[in-house]
Amino acid sequence: MFKPDLKKYLISTLFLEPNKVSLKQAAESIAAESSIGTWTELNTLSQNIQKKLKAIVFEINPKTKIIKIAYPLALFEKGSIPQFLSNSAGNIFSMKLVKNLRLIDVDFPSSYIQSFPGPQIGKDNIKKIFKVTQNRPLIGLIMKPKLGLNPKEQANLTYLCFIGGVDLVKDDENLTNQNFNRFEKRVEYCLKAQRRAEKETGRIKICVFNITAETEEMIKRAKLVKKMGGRAIMVDVITAGFAALQTLRKQNLGLIIHAHRAMHSVMTRNKKHGISMLVLAKLLRLAGVDQLHTGTIIGKMEGGEEDVLKINNFLTSPWAGLKPVLPIASGGLHPELVPKLMKILGRDIIMNFGGGVHGHPEGTLAGAKAVYQAVEATCQNIPLKKYAKNHHELFIALEHFKK
Ligand code: CAP
Ligand code: MG
């Protein structure tokens, strides 16, 4: 049996349900279509090309329908995520002889990984920036409503969140540069609020601005954030695209890149078809995001414990010298969920709250305080109910969100 040299081959692990052909036949066709072959024999395909570039199916498990394909490294252009996707996650999903196909995992050779920049700042430096001396998760805030606030209103709320104990305040994924909230004004006002809050609290506070747009505009916005003294930007990495993200990363702006994954479920949600979030997370680490949404397990979005833990473990572990990425738990979170979340995901995360802060019956400031109190209590192993006895905001939040 063929055993690929992991330095010379890129390995794809796929779930494959064939359509009207055998598993072996479908697997061979996929390997061919995603490398040098097509639906018929080619007069143009020399022995020499085959020897150098043929992809090899080296494992087929008829029970689990999981197959493994080894791709010679020479098939790939180094440093290009679009080319990787066009090759190993492209036409194969359209083939009639495939009923279902899911790219579960990819193992990249070190030399391929090292042809990408990876995160410029990365998990450990983000934690250093915040001087998170006590080992606690960072607290992130998503501005709500998603759309509709004007820059002044957003800046006022940003200030309240920071004062309440939040570390990072970010735009929502669909807020970019609409008429009611112009990007430049938002950056100006929110950074003012950030500076004021930093002065008053003596703590580092960071606004994360959603720069998502076509590539040149996105870079313009990133540079504007930099010029105005900002420290972080957010990109909707799936909708903006990997190429755009790679171009942005190449600018080396020294800004934290927060990766929002809106639309990922089009690829990741169907367990039998598409591309797993783990594969997307690997590609995003190659491209160089610093922090990435990976799921909460217990919040409002789909995503099971095994999958989320696997992704978070990958992002925070060493990987051929590329910096680790900070995972973000987000979606449907509120104070009551903090102990459970920290028990499952640990402290090396950002916990993001939107509705769980702005939905507090006593307002955003109280909501931010309640979240901070929940984190404080959990870090000291104090049950929330007990802590809430002399922490009013947490008490109200626990009463309200349990409904
Ligand atoms: C959460 C959120 C985030 C999701 C993204 C939202 O708000 O702002 O975009 O968490 O999902 O718009 O839903 P709430 P994921 O806190 O009010 O739920 O992290 O799974 O990619
Ligand atoms: Mg959102």
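Residue numbering for the sequence shown follows my numbering, starting at -11 and increasing by one per position. Don't be surprised by glycine CBs; every beta carbon is placed ideally from N, CA and C. As the structure is a computational prediction, the values presented were derived from the model and not from experiment.
For the options 111, 360 and 162, the alpha carbon positioned closest to that of residue 135 is the one of 162. For residue 0, DSSP records a beta bridge to 57 and 94.
For residue 251, the closest of 266, 227 and 299 by C-alpha to C-alpha distance is 227. In chain order, 161, 200, 248 and 250 place their CB closer than 6 Å to the CB of residue 224, counting only its own chain and leaving out the 5 sequence neighbours on each side. Between residue 176 and residue 216, the C-beta spacing is below 8 Å.
Of the candidates 295, 287 and 140, the residue whose Cα lies closest to the Cα of residue 317 is 287. The beta carbons of residue 383 and residue 322 sit no closer together than 8 Å. Sorting 74, 128, 42 and 8 by C-alpha distance to the C-alpha of residue 88 places 8 at the top. Ranking 235, 278, 291 and 273 by CA distance to the CA of residue 259 puts 291 first. In the structure shown, residue 114 falls within a helical segment according to DSSP collapsed to helix, strand and coil. When secondary structure is reduced to three states using DSSP, residue 371 falls in the coil class, being assigned neither helix nor strand.
If you draw a straight line from the Cα of residue 82 to the Cα of residue 371, it is about 52 Å long. Of all C-beta pairs linking the region 88 to 102 to the region 113 to 124, fewer than three are shorter than 8 Å, placing the two stretches out of contact. Distance from the C-beta of residue 152 to the nearest heavy atom of the ligand CAP is not below 7 Å. Ranked by Cα distance from residue 310, the options 48, 30 and 103 are led by 103. Inside the region 177 to 224, DSSP marks whole alpha helix (DSSP H) runs of 4 or more residues at positions 203 to 215, from first to last along the chain.
From the listed residues 365, 153, 255 and 297, the smallest Cα separation to residue 356 is found for 153.
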